[in-house]
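Scroll down for the structure; my scribbles are underneath it.
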Amino acid sequence: MLAVVAAFAFLPTHMNILVFSKTAGFRHDSIPTGQEMFQELGKAHGFTVQGSEDASLFTPYNLRKYDAVVFLSTTGDVLNEGQQKALEEFIKRGGGYIGIHAAADTEYNWPWYGELVGAYFLSHPQIQEAEVVNEAPQNPTVSMWPAKFRRKDEWYDYKVNPRGKVTVLASLNTGSYQGSKMPGDHPIIWCREFDGGRAWYTGFGHTKETYAEPEFRKMIVAALGWVVGG
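So in the numbering used here, spot 100 of the sequence shown is number 100, and the numbers just go up one at a time.
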């Protein structure tokens, strides 16, 4: 609990975040629930949230209003070339990025984004329980989770294992569920400093129930604190 409280203390006053959930491919029905969660967290912890699917917000001038941008289960090609450049400039100025679940199923033809999110989506088996291994229990962004725990979600496989270029915070025990295409080493939460800013990603987030989990909510608040420089 102390580590979680400390993580919350990193949140700067008047923090402003953009939660972007535009989809150009599969659309998760949990997106409205996720957007609602961010509004509730903002009210509870004193930061401002703008939820939107309007890609025209991605201009160099407009993004200066935000401390962090969250890609909430975005899919497909959601930004044009100018909007992509605006996000690159935002990160290079020290902005923060959080990717949730299908953020990894986004912008396959934009290599810079692939580096930002850490890995691209490959496939997934059916929704089921799996054992998650907390690889960094002292890290404030995952310190609310036990060393090992079981939870139900849609477990993404990734085209390339990101370990080695990111800090892996949690991984899946691939022997605990059926259908993993990353046997033996399957990162599922990670972070990195990238191109002047900070990026943090979790594969959690397919189900509506995810956004009501107390630990998930604490994790997201702590991740916001980290990506904005806490």
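Built from N, CA and C at the ideal position, the CB exists for glycine as well.
ask   = DSSP three-state call for Leu18: helix, strand or coil?
value = strand
Buried/exposed call for Ile127, threshold 16 Cβ in 10 Å: exposed
Assign Asn80 to one of three DSSP states: helix, strand, or coil. Correct three-state label for Asn80: coil.
Report task. Closer than 8 Å by C-beta to Pro162: which residues in its own chain qualify, once you throw out the five before and the five after it? Chain order, please. Result -> Gly118, Ala119, Val168, Pro187, Trp190
ask   = Under 9 Å, do Gly96 and Ala68 count as touching if we go by C-beta distance?
value = yes
Cβ-Cβ separation, Leu172 to Trp200 (assumed contact under 8 Å), whole Å: Not confirmed; about 18 Å, so no contact.
Worksheet item: Since Gly99 contacts Thr23 with CB under 8 Å, what's their CB separation in whole angstroms?
Response: That belief does not hold up - the Cβ atoms of Gly99 and Thr23 are roughly 14 Å apart, past 8 Å.
| task | Take the Cβ of Ser123 as the centre, count every other Cβ of all protein chains shown within 10 Å, and call the residue buried at 16 or more, exposed below. | result | exposed
Report yes if the CB atom of Met144 is closer than 9 Å to the CB atom of Glu40, and no otherwise. Met144 is not a Cβ neighbour of Glu40, given a cutoff of 9 Å.
query: For Glu129, which residues does DSSP report across the bridge?
result: Lys152
Considering only heavy atoms of the ligand ADP, does any lie closer than 8 Å to the CB of Ser21? As for the ligand ADP, it is missing from this structure, which has no ligand bound.
| query | Hey, Thr106 and Val78: beta-carbon distance below 9 Å or not? | reply | yes
**Report entry** Spatial distance of Met15 from Leu87 (CA atoms)
**Finding:** 18 Å
| request: Go through its chain and collect everything with a Cβ distance to Arg150's Cβ below 6 Å, but skip five positions before and after it. | output: Glu129, Glu131
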